[in-house]
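Residues in the sequence shown are numbered consecutively from 2, following this note's numbering. Glycine included, each C-beta is placed from N, C-alpha and C at the ideal position. As the structure is a prediction and not an experimental result, all values here were calculated from the model. A quick write-up on the structure given underneath.
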Amino acid sequence: MARILVPPIKCQGIKTKIVPLIMANVSVPKNGVWIEPFMGSGVVGMNVRPPKALFADINPHIITFYNAIRDNTITPEIARAFLEQEGNILRKKGEYHYYAVRERFNKEGNPLDFLFLSRSCFNGMIRFNKKGGFNVPFCRKPERFSKAYITKICNQIACFSKMLRFHDWIFKNQDFEVTIGGASKDDFIYCDPPYLGRHVDYFNSWQPTDEIRLFRCLSETKARFILSTWHSNKYRKNEHVHSLWSRFYIVTTEHYYHIGAKENNRNSMLEALVMNFHPSYKTTTKNIAPQLSLFDYVVES
Numbered sequence: 002m003a004r005i006l007v008p009p010i011k012c013q014g015i016k017t018k019i020v021p022l023i024m025a026n027v028s029v030p031k032n033g034v035w036i037e038p039f040m041g042s043g044v045v046g047m048n049v050r051p052p053k054a055l056f057a058d059i060n061p062h063i064i065t066f067y068n069a070i071r072d073n074t075i076t077p078e079i080a081r082a083f084l085e086q087e088g089n090i091l092r093k094k095g096e097y098h099y100y101a102v103r104e105r106f107n108k109e110g111n112p113l114d115f116l117f118l119s120r121s122c123f124n125g126m127i128r129f130n131k132k133g134g135f136n137v138p139f140c141r142k143p144e145r146f147s148k149a150y151i152t153k154i155c156n157q158i159a160c161f162s163k164m165l166r167f168h169d170w171i172f173k174n175q176d177f178e179v180t181i182g183g184a185s186k187d188d189f190i191y192c193d194p195p196y197l198g199r200h201v202d203y204f205n206s207w208q209p210t211d212e213i214r215l216f217r218c219l220s221e222t223k224a225r226f227i228l229s230t231w232h233s234n235k236y237r238k239n240e241h242v243h244s245l246w247s248r249f250y251i252v253t254t255e256h257y258y259h260i261g262a263k264e265n266n267r268n269s270m271l272e273a274l275v276m277n278f279h280p281s282y283k284t285t286t287k288n289i290a291p292q293l294s295l296f297d298y299v300v301e302s
């Protein structure tokens, strides 16, 4: 039974539960580079474990955080001491301290503050206002940073740090067009952009013009790619799947995103993988690849 590795930074739309489906269709480049123009949490690359990779994101705080692990500015020991200290204050002062840390982060951009906020904000969201300020409210759990929870986070940092010692991975803060434009035929691109109409304030708004720009970039690239996007839910369909992405191969699977405040608002979505090569396995809305079931994996949160 394979274990799905979980990164230390959480964000909405994280692909932890569909990593097996993605991995069933990816091809790790032997002579090229694994490229992620929208790194986000980094969960897919962390599980694919390519020898050489470029992780890029328009959000500078994500890139700063992972570069801090790469440079040993953040280690499991440093993170533990920080989270224990801030967690103790949070336990005593509650949301007052959360908002104090949020204000401090928006002024200084400390990656440890970013880690603290991503683990104590509402639903683990990453959202910024138009001025670039982190604006997600408190999760209302003063006891958030228990010893067990801190240990779990530190173990995730240790795991990522270990991978960096054995893999050639670099992290860059740049626009997706620059990232995709630098890809060669030997590379493999995995794209997980903000979903149009959903979570659009991840760092800056994702507009129809951005979706079209991404479509043009991926249509012109010589590299193989997989794009994650939403296909439909019981209320509406993603029109861009039909107007843009239907020229490529598409596989789908049902997936739940736990973003809603109430359980009955957390409806399923049909997740789509768009690719410019024939998929390794055919899937339906009810079945993951027949040789690779989600039940063959253990997902750690």
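DSSP places C140 in the coil class of the three-state scheme, outside both helix and strand.
Beta-bridge pairing by DSSP links L228 to C192, V275.
Put simply, the backbone Cα of I19 is about 21 Å away from that of A54.
Here A273 is not near A224, since their CB atoms are 8 Å or more apart.
Distance from the Cα of L22 is smallest, within the candidate group K93, E255, C140, for E255.
Of the other Cβ atoms in all chains shown, fewer than 16 fall within 10 Å of the Cβ of Y236; this residue is therefore exposed. In its chain, beyond the 5 residues on either side, L113 have a beta carbon closer than 7 Å to the beta carbon of F83. Residues L113 of the same chain have their beta carbon placed closer than 8 Å to that of I79, with the five preceding and five following residues left out of the count. DSSP places R71 in the uninterrupted alpha helix (DSSP H) bounded by 61-71. If you compare the alpha carbons of E109, C160, P143, F216 with that of V242, the shortest gap goes to F216. In the DSSP assignment, F177 falls within the alpha helix (DSSP H) that extends over 177-182.
With a cutoff of 8 Å on beta-carbon distance, N124 and Q13 are scored as near each other. Collapsing the DSSP output to three states places Y250 in a strand.
Excluding residues up to 5 positions away in sequence, N26, Y250, V252 lie with their Cβ nearer than 6 Å to the Cβ of P280 in the same chain. Counting the other Cβ atoms within 10 Å of the Cβ of Y100 gives fewer than 16, which makes it exposed.
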